[in-house]
Every structure is written in C-alpha cells, then in structure tokens.
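Numbering (the working numbering), first residue to last: 403 to 947.
Where is the CB? At the ideal position from N, CA and C, for every residue including glycine.
Keep in mind it's a predicted model, so treat the numbers as computed, not measured.
Here the structure is laid out as structure tokens; the discussion comes afterwards.
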C-alpha cells in the first residue's frame, strides 16, 4: 500500500463500525479495518499486518497482532468474526477469506486425483485436449494467437465422439459480452448451435443482489463449462462460478496468465497457474495447467512477438532493442510528443483509423469497422488520459467533417458501457455505436452486438453509465481485439504502469501497434509487476482432497 493514505468513506465507515464493536477504544481495529477495506478496493484479497504496522503512528507488529486478536472483531480462520487474521499475518474481510477458501477447496475437489500425463501427446493443443477430457478441471493458458479456442474445439470434438457425447450439455461463457461474442465466433465453425454468454447471464443474475440464481444448491444443468478470458474474472465471481458448476461437470478455464489481473479483487488465474507449477506429482493440481507456446498469429521474428516476450520476462533492454530494430511494420515506438503538439501528432492517425466506421451507416458493418483501430491509454486523467484524448479525437474528426459532436449523444459516437445493467443485459466493457435508425425514422439509437452476433438497439437515454470510446483504457480493452492499436503512455511514471499493462495493450492488436511513450517510462513500466496480496496459492496447497 502506498503513502500517503487515502481512505474512502466506505473504508472509514467500516473502521468506525468495527471500532464500536470492539468496545469503542480500539484505534488499531479501526485502522486495520480501513486498511483491509482499502486493500480490497485496490484489487487485493487481503492486507498484511506488516504493511499496517509500518504506517506512521501504528503499533509494532507484535503489539498490533496481540491487540487485534484480543479485540473480538478479529478472528482466526474458521472463527466467526468480521475480520480474519491467518497464521501468516494476512488480514481479510471475512467474506473474502471465505471466497478464497471455498474456491481453493472447489478447485481441489474438482481436480480429483493427480493428472496422469497424456502418453504420446507431443502437440500442446492435443495434450491440453487429452487432459481436459480426462479431468474435471483444466486450465489452458497462452497469449493471443496460441490457439486456446482452437484447443477447445478439439476438446469438444473428443467429447462429442465419446458414447453419449451428442447429448452433452455444454455451456460457454466469458466475463464480457465482447469476449463472449469472440468465443462464439471461434466455436461456431464446429458447433453451430453453441453460443457463449456472459458469466453473469450464465449464472442468472439477480438485480440488486450479490447472489445468482444458480449456486451450489441450484447448480447449472451442464456437463462441460468453458470460460474464456479467465484472467479477467475476480475472486468473488470465480468462487460463485465454481459453486454453481455441478461436481460431475468438466470445468475448463482459458486465459492469458500474463495479462492484467481483474479489475475487482484478486489475480485468480495467475495464482492457480503458480500453484500448479509448484504442485508435486502426487498433488491434485499437478498437470492441471497446460501452457500453449506456439504462436500462430505472430512470427517469432516479428516485432509484436519479440517485444511482447521481452516485456513478459521484464527485460527492458531486449524490449527497447526489439522496438528500435523492428522494420516489419508490426510495432513502432516513438517518444511521446509534447502536450502542445499532441493533437497535431494525432490528426493523421485518428482520421485514417476512424474514417472507415464513421463513413459506414449500416450499424453491424460500422461495429465491425470500429474494431479496426483504437487508441489505448493507461490512465483516465491528464493530457494522455482517455478523457482528454476522446475530446481531442472528437475535435479532429469534426474538423475533418466526419462527425458533428453534440452534448449528450451524436451520430457516429462510439461508446463503452461503464456499469452493468442486468435488465438490459449490457455489461461493463461492452462497446457500441450511436447511429440514426432507419427503422425509427432516423432517430438516434445505440447499437450493440449480442454474444450470438445479433444486432441490439436501445434508446440512448435508457443506457447505463457509459462514455465516449475513441480512446479507452487498457483495462477496458481486455477481451477485445483491434486491427491496429495506438498505445499512449503518460509523460511521467506511475504505479499503474506495469509490464502486464504494456503486454495487454500490445497484444490487443492483430495487425500493428504504435507506442508513444518516453523511454524512461517504458523502461520503468517493464520493470514493474502487478503485485496483489492473496493467500489463494497457500489455500490451494492446504486444501484436502
């Protein structure tokens, strides 16, 4: 956690409540509760007592531990208390300790006996398929272009070929509508009747409730559940998903462990992969993860491949060398233009990148054309944040005669949903376009594609919270692919700039990436990793079969 402290109103309310619960004269309980609450908001599952004890004015570690354990507001694992403190000084909000324990036990239960290596399987896709058919739980990880969804096709073909395979109930899901649509498109080549959906819709969201219609008491009717973009799934949602999948069903997670972690708390896919790597041959998770390595999209000598490999390994020297040496047009690096010159530097790229979709009036074709180019940013505010760059893009495109920006909504406005709306089945990260609707006399409508590839239209006034999306954050780009990407980093280094963010932004592109960033910021970003406090790896090792 970073100083200076910045606690939210929710953090303080929880701290005040637990301090009163502890008798009213327990400032260390208030501080610990606020830190645990803030840690969760920052994406961590827990906070260590060492971090709290290191704060100005906090008691020593030993004193803090003693006072918390005797407060009545903090319990040991298995005890009923608002906060849980484990033997490694990890402090949890109770609900998140439970999520972690429940998920770990569910994974181990589903893994069953240790996996037996598939004899004769030398191709990693075939190896993954063999493991998935023989096991109740499999993780298939790999970067874009390594064939994760193609491997799922092989798995489904093998399962269908078994006796009774034609009657299998198969469910496909992903965290966002865009990711679900991509999975559907990939699978439809062999399974025309299958369509992916969002995890929330699969589980049966209950508006205004943190619970779902399907849970351990009312499980899904499924024999096989495949979840794509698993790196985006947070701890709470993953625990609820595992609870809702019947014990007899196979559960297959697809994802890229090197991507950014989920927006909400946890880094579940990375934790599972790390635990599996450390598992001994006699342990349930041994062999549960298959990492696909061969890239069918990018050649090993190509710019995107070389730079992404260097970034993943944290090798700033190799990454900068690959950026400077790249001549194939796949990846290009330029120092960040001065703020006063940013709009002029963007003009040519913005007009060329967005003209195809802005000159298309068919909504479905326009949505497809919008995927040909996007500006990706690390931050929201500042000259290189999405708020400013969206305004700059609007101004440039208006000057080019491609759109007429207006307050509220306007024709040609790309939008991205920023808040789930379960009634409309629109979810955070779904992207659409505002266009005149000929069927409604030319009135503006917001058009989206469903996971099944069907066009959906809404009155703009009915939409949940959303924002203009010529430029989007790298976090919001997860689950999407674009023909070309312009990745812009801020002029100064910041904790949010990590190798995972760079890697995720770089690999959103199928055709080419241009990076605008100061060299010092690039190097610092490659050196920095996403670190999230969690006890999931330990919980997986401790869970009983």
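Close-in-space but distant-in-sequence residues of the same chain around residue i (CB under 6 Å, 5 per side omitted)
| i | result |
| --- | --- |
| residue 798 | 749 and 752 |
| residue 945 | 506, 507 and 510 |
| residue 667 | 442, 445, 447, 636 and 637 |
| residue 567 | 561 |
| residue 738 | 893, 918, 919 and 920 |
| residue 823 | 866 |
| residue 646 | 605, 616, 617, 621 and 622 |
| residue 735 | 725 and 917 |
| residue 625 | 570, 571 and 651 |
| residue 733 | 705, 706, 709 and 915 |
Extent of the continuous beta strand (DSSP E) run through residue i
| i | result |
| --- | --- |
| residue 818 | 815 to 819 |
| residue 419 | First-last for residue 419: 411 to 423, but that is the alpha helix (DSSP H), not the beta strand (DSSP E). |
| residue 486 | 485 to 487 |
| residue 693 | 691 to 693 |
| residue 859 | 857 to 860 |
One or two residues paired with residue i in a DSSP bridge
| i | result |
| --- | --- |
| residue 833 | 818 |
| residue 740 | Looking at the DSSP assignment, residue 740 forms no beta bridge with any residue, so it has no partner. |
| residue 886 | 775 and 914 |
| residue 839 | 845 |
| residue 870 | 817 |
| residue 499 | In DSSP, residue 499 forms no bridge with anything. |
| residue 432 | Paired residue(s): none; residue 432 is not in a bridge. |
| residue 450 | 492 |
| residue 735 | 917 |
| residue 607 | 614 |
| residue 875 | 779 |
| residue 895 | DSSP lists no partner for residue 895. |
| residue 477 | 486 |
| residue 823 | 828 |
| residue 850 | 858 |
Close-in-space but distant-in-sequence residues of the same chain around residue i (CB under 8 Å, 5 per side omitted)
| i | result |
| --- | --- |
| residue 931 | 716, 900, 901 and 902 |
| residue 522 | Residue placement at residue 522 is poorly supported in this model, since its pLDDT is 49, which falls under 50; the coordinates are not used for a value here. |
| residue 942 | 506, 509, 510, 673, 674, 677 and 687 |
| residue 813 | 805, 806, 836, 837, 838 and 846 |
| residue 928 | 712, 713, 716, 717, 718, 721, 901 and 904 |
| residue 819 | 828, 829, 830, 831, 832, 833, 834, 865, 866, 867 and 868 |
| residue 763 | 837 and 838 |
| residue 785 | 741, 744, 892 and 893 |
Cut-off 7 Å between Cβ atoms - residues of its own chain near residue i, not counting five sequence neighbours on either side
| i | result |
| --- | --- |
| residue 517 | Because residue 517 carries a pLDDT of 48, less than 50, the predicted location of this residue cannot be relied on, and the following value inherits that uncertainty. The answer, listed in chain order, is 533, 537, 688, 689 and 690. |
| residue 731 | 914 |
| residue 701 | 707 |
| residue 535 | 557, 560 and 561 |
| residue 878 | 818 and 831 |
| residue 405 | Annotation note: pLDDT 41 at residue 405 (below 50); position unreliable, coordinate value reported separately. Same-chain partners within the cutoff: there are none. |
| residue 947 | 510 and 686 |
Residue range of the alpha helix (DSSP H) that includes residue i
| i | result |
| --- | --- |
| residue 925 | 921 to 929 |
| residue 794 | 788 to 801 |
| residue 709 | 705 to 714 |
| residue 901 | 901 to 908 |
| residue 943 | 938 to 944 |
| residue 470 | 463 to 471 |
| residue 722 | 718 to 727 |
Contact test: residue i Cβ vs the ligand ATP heavy atom, cutoff 6 Å
| i | result |
| --- | --- |
| residue 455 | What this structure holds is no ligand at all, so the ligand ATP is not there to describe. |
>> I'd like the ranges of any alpha helix (DSSP H) spanning at least 4 consecutive residues and lying wholly in the segment 519 to 601.
In response: 526 to 536, 550 to 563 and 579 to 589
> Quick check: the segment 577 to 589 against the segment 723 to 733, are there 3 or more CB pairs under 8 Å?
Replying inline: no
> If you pair each beta-carbon of the segment 760 to 774 with each one of the segment 879 to 890, do three or more pairs fall below 8 Å?
Replying inline: yes
>> Contact between the segment 924 to 940 and the segment 654 to 670 is defined here as three or more beta-carbon pairs at a separation below 8 Å; is this criterion met?
In response: yes
> Touching or not, the segment 421 to 437 and the segment 476 to 496, by the rule of three or more beta carbon pairs under 8 Å?
Replying inline: yes
> Which whole runs of the alpha helix (DSSP H) in the segment 626 to 686 are 4 residues long or more, in chain order?
Replying inline: 637 to 646 and 670 to 680
> Would the segment 536 to 550 and the segment 593 to 609 be scored as touching if the rule is three or more Cβ pairs under 8 Å?
Replying inline: no
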